[in-house]
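Heads up, the sequence shown is in full-length UniProt numbering, so the first residue is 1 and it goes up one at a time. Note that CB positions come from ideal geometry on N, CA and C, so glycine has one too.
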Amino acid sequence: MAQSNSQSANGSSESVETRLFINGEFQPSSDGKQFSLINPFTQESMAEVSQASEEDTNKAVTAAKAAFPAWRDRSPSDRGAYLRKLRDLIRESNDEFARLEALSTGKPVSSYFDANLAADMFSYFSEAGWTVQGSSSLNTPGYFNMTIRQPYGVVACIIPWNVPMGFFALKVAPALAAGNTVVLKSSEKAPLTSALAARLIAKIGFPPGVINVLSGFGTPSGSTLAHHMDVRCISFTGSSFTGQKIQAAAAASNLKIVHMELGGKSPALIFDDADLESAAQQTQFSIQMQSGQACMANSRVYVQESVAEKFLALFKEKFGAGARLGNPLEPATSHGPQVDVLQYERVKSYLSIGEKDGKLSMGGDARDGYFIKPTVFENVPEDSRLAKEEVFGPVVVINTFKTEDEAIEKANASEFGLYASVFTKDIDRAVRASKLLEGGTVGVNCTSPTFALDMPFGGFKMSGIGREGYAHSLDNYLETKTILIKTSS
Ligand code: NAD
Numbered sequence: 001m002a003q004s005n006s007q008s009a010n011g012s013s014e015s016v017e018t019r020l021f022i023n024g025e026f027q028p029s030s031d032g033k034q035f036s037l038i039n040p041f042t043q044e045s046m047a048e049v050s051q052a053s054e055e056d057t058n059k060a061v062t063a064a065k066a067a068f069p070a071w072r073d074r075s076p077s078d079r080g081a082y083l084r085k086l087r088d089l090i091r092e093s094n095d096e097f098a099r100l101e102a103l104s105t106g107k108p109v110s111s112y113f114d115a116n117l118a119a120d121m122f123s124y125f126s127e128a129g130w131t132v133q134g135s136s137s138l139n140t141p142g143y144f145n146m147t148i149r150q151p152y153g154v155v156a157c158i159i160p161w162n163v164p165m166g167f168f169a170l171k172v173a174p175a176l177a178a179g180n181t182v183v184l185k186s187s188e189k190a191p192l193t194s195a196l197a198a199r200l201i202a203k204i205g206f207p208p209g210v211i212n213v214l215s216g217f218g219t220p221s222g223s224t225l226a227h228h229m230d231v232r233c234i235s236f237t238g239s240s241f242t243g244q245k246i247q248a249a250a251a252a253s254n255l256k257i258v259h260m261e262l263g264g265k266s267p268a269l270i271f272d273d274a275d276l277e278s279a280a281q282q283t284q285f286s287i288q289m290q291s292g293q294a295c296m297a298n299s300r301v302y303v304q305e306s307v308a309e310k311f312l313a314l315f316k317e318k319f320g321a322g323a324r325l326g327n328p329l330e331p332a333t334s335h336g337p338q339v340d341v342l343q344y345e346r347v348k349s350y351l352s353i354g355e356k357d358g359k360l361s362m363g364g365d366a367r368d369g370y371f372i373k374p375t376v377f378e379n380v381p382e383d384s385r386l387a388k389e390e391v392f393g394p395v396v397v398i399n400t401f402k403t404e405d406e407a408i409e410k411a412n413a414s415e416f417g418l419y420a421s422v423f424t425k426d427i428d429r430a431v432r433a434s435k436l437l438e439g440g441t442v443g444v445n446c447t448s449p450t451f452a453l454d455m456p457f458g459g460f461k462m463s464g465i466g467r468e469g470y471a472h473s474l475d476n477y478l479e480t481k482t483i484l485i486k487t488s489s
C-alpha cells in the first residue's frame with residue numbers, strides 16, 4: 001500500500017500520504033489501525049489515516065535515539081543545508097498544503113498562511129545553529145572554566161490542528177538546528193499536512209531517524225511520548241487540559257523538560273479615546289479569523305461605557321461583513337466550518353450558556369453543516385462559563401467598564417494569560433496597562449494575530465510554560481554544561 005485515496009470537496013479523487021514515517025520509511029501502523037478523517041464541509045470521509053500504536057511510537061523514539069549521535073556531530077552548516085532544502089520544498093508545495101488543510105480542517109484557502117510561515121522558520125533556523133555558544137570564566141584561581149550548550153537527544157513535538165505546519169516548523173526547525181532528533185505527532189484532526197511534510201523530508205533524504213512523523217491520537221501515541229524514558233524534552237502546543245496531562249506524565253516518568261503553548265481567553269480593552277474604527281476592525285478580525293479557532297483570539301472585549309453603543313455598532317457591522325461562509329476551497333470564502341462535529345457541538349454548548357447567562361445580540365448557529373455565524377454576546381456575567389472558558393469558535397463576549405482599574409481587574413480575572421490588548425490614545429495609560437495586564441503578549445492599539453517573529457511568544461498562567469520565537473526557540477532545545485579545567489599554575 002503506497003498511499004490512500006482522498007475524496008476532495010469538489011468530487012475529484014487525489015492521492016495523499018496517510019502513513020507513518022519512521023526511520024526514513026513510510027509504513028502502516030503495526031496493528032493495522034486507521035482512523036477516518038471527515039471533511040467538515042461535506043461531512044464525508046476523505047481519508048483513512050494510519051493510527052500510531054504504542055509499538056510504533058516506541059519504534060520512532062528508538063530510531064530518533066539511534067540517529068542522534070551522528071546528527072549532533074554534524075556542523076551547523078551541514079544540518080542547515082537540509083533545513084534549507086525543506087524550506088524550498090514547503091514553499092513550492094504551498095497550494096497542496098492549503099488544499100489539504102481546507103479539506104481536512106475547513107480552513108479557507110483564501111487565508112492560508114501556514115506553509116509560508118513554516119518555510120520562514122526553516123529558513124531562519126537553517127542559519128541559527130552557529131549562534132549556539134557557551135561562556136568562559138577565569139574567576140576561580142587555578143581553573144579555566146567554561147560552559148557548552150548541547151542538544152538533549154530525542155525531542156518529542158506534539159502539535160494541534162489549527163495551524164499545523166506553523167507549529168510543525170516552530171518546533172522541528174530549532175530542535176534539529178540545535179542537533180536534536182525528533183519524533184513529531186500530528187493532531188488526529190489534521191494529519192495530512194504533516195504527512196506531506198514527511199514526504200518532502202524523504203525526498204530530500206534526511207538521514208533516517210532524524211525526523212519521524214506519527215499520526216494518531218493522544219492515547220496511545222501522545223501519551224507514550226510524554227511518558228517515554230528516552231524522550232528528554234517535549235514541546236507541546238494544544239489545550240491547557242492536555243498540557244496538564246503531559247506535564248504530569250513528564251513528572252511521573254523522567255522529569256523531561258516541558259515547553260508548552262496552551263489555550264487563551266484573551267481580553268481587548270477599548271477606552272473612550274481610542275480610534276474606534278480601527279479598534280472595531282482589528283478586534284472583529286481577531287475573533288473571526290479561522291472561524292475563531294485561534295489560541296490568541298480576543299474572545300473577550302471590554303469597552304468603556306460611554307462609547308459602548310458606537311463601538312458595538314461598528315464591531316457588528318464589520319464582523320458580519322467580513323464573514324463569507326462557504327466552501328473552504330473557494331477563493332471567495334473567508335469563513336469555514338468548525339473543524340469537526342466535536343468542535344461544532346462544543347461551540348453550540350457555549351451558545352446555550354450565553355443565551356441563558358447573557359444577551360445574544362448577533363449570530364449563533366448557522367444551522368448549516370458545522371458553521372457557526374459570527375456571534376456576539378453582551379452583558380455576560382464575569383463568572384459565566386462563557387466569559388471564563390475557551391470556546392474556540394467565532395464567539396465574542398463584549399462587556400462594558402467604567403474605569404481603568406475596573407477594566408484591568410476584569411481582564412486579569414482569568415486563569416489564561418496568552419495575549420491582551422489595549423486601545424487608547426493616552427500613552428501613560430497604554431504603558432500602565434501594558435505593565436499590569438497578565439499576558440505573554442500585550443498589543444497597544446493592535447491585537448492578535450499581530451505578533452513579531454523575533455519576539456518571544458508564550459503564555460502567563462495556564463496559557464503556557466516558556467517562550468518560542470526566532471531569538472528564543474533554540475534555547476528550548478539545549479542543555480548547558482559547565483566544564484572545570486584545573487590548570488597547573
Ligand atoms: P488538544 O490539547 O486537544 O490536542 C493537541 C495535541 O495533543 C494533539 O496532537 C492531540 O492528539 C495531543 N494529545 C491529546 N491528549 C494527549 C495526551 N494525553 N498526551 C499527549 N498528547 C495528547 O488541542 P487541539 O484541540 O488540537 O488544539 C486547540 C488548543 O490548542 C486550544 O486550546 C488552543 O488555544 C491551543 N493552541 C495554543 C497555541 C499557543 O501558541 N498558545 C497555538 C495554537 C493552539
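Using a Cβ distance threshold of 7 Å, R300 and V397 count as a contacting pair.
For D365, no alpha helix (DSSP H) run applies; the uninterrupted beta strand (DSSP E) run containing it begins and ends at 359-365, by DSSP. Within the same chain, D56, K59, A60, A63, N212 come within 7 Å of I22 by CB-CB distance, once the 5 residues on both sides are set aside.
Scanning the stretch 170-246 for uninterrupted beta strand (DSSP E) segments of 3 residues or longer gives 181-185, 211-214, 231-237, listed from N- to C-terminal end. Excluding residues up to 5 positions away in sequence, Y470 lie with their Cβ nearer than 6 Å to the Cβ of L453 in the same chain. Placement of the Cβ of K245 at a distance of less than 6 Å from at least one heavy atom of the ligand NAD is found. Look at I159 here: in three-state DSSP terms it is coil, with no helix or strand label. With a cutoff of 7 Å on beta-carbon distance, P108 and T333 are scored as near each other.
Per DSSP, the continuous beta strand (DSSP E) segment holding V444 begins and ends at 441-444. With contacts defined by Cβ atoms closer than 7 Å, A47 and T18 form a contacting pair. Between G358 and V380 the beta-carbon gap is near 3 Å, inside 8 Å, which marks them as a contact. Excluding sequence positions up to five before and after L138, its CB lies within less than 8 Å of the CB of F144, N145, all in the same chain and listed in chain order. Counting only the Cα atoms, P374 lies some 6 Å from G320. About 6 Å separates the beta carbons of A177 and R79, which is inside the 8 Å limit, making them a contact pair. As a beta-bridge residue in DSSP terms, E479 pairs with Q150. By the neighbour-count criterion, in which a residue is buried when 16 or more other Cβ atoms sit within 10 angstroms of its Cβ, W130 is exposed. Relative to the non-hydrogen atoms of the ligand NAD, the Cβ of W71 never comes closer than 6 Å to any of them. Beta-carbon to beta-carbon, M260 and G466 are separated by about 7 Å, close enough to satisfy the 8 Å threshold. Per DSSP, the beta-bridge partners of E25 are I22.
A residue is called buried when at least 16 other Cβ atoms come within 10 angstroms of its Cβ; A102 meets this threshold and is buried. Secondary structure of M121 (DSSP, three-state): helix.
Note on the stretch 23-104: whole beta strand (DSSP E) runs with a minimum of 3 residues are 25-27, 34-38, 45-50, in chain order. Distances from the alpha-carbon of V183 to those of S223, L342, V395, G292 put S223 closest. Excluding its 5 nearest sequence neighbours in each direction, S414 has C-beta neighbours in its own chain below 7 Å: K265, K388, listed in chain order. Exposed is the label assigned to P141, since fewer than 16 other Cβ atoms lie within 10 Å of its Cβ. Taking the Cα of E378 as reference, the smallest distance to any Cα among C233, S361, I483, Y370 is reached at S361. Here G238 really is in contact with P160; their C-beta atoms are around 5 Å apart, less than 8 Å. Counting C-beta pairs closer than 8 Å gives fewer than three between the stretch 272-292 and the stretch 242-252, which falls short of the contact rule. Scanning the stretch 283-332 for uninterrupted alpha helix (DSSP H) segments of 4 residues or longer gives 308-322, listed from N- to C-terminal end.
Between the ligand NAD and T105, a heavy atom-to-CB distance of less than 6 Å is absent. Looking at the backbone, the Cα of R385 and that of T181 are separated by about 41 Å. For the 7 Å CB-CB criterion, V154 and K256 do not form a contact.
K318 counts as buried, since no fewer than 16 other beta carbons sit within 10 angstroms of its beta carbon. Nearest neighbour of G179 by Cα position, chosen from N254, F68, G322, turns out to be F68. Measuring C-alpha to C-alpha distances from S50 to each of F168, E92, F217, L86 identifies F217 as the nearest. Residue pairing by DSSP puts M260 in a beta bridge opposite F236, I465.
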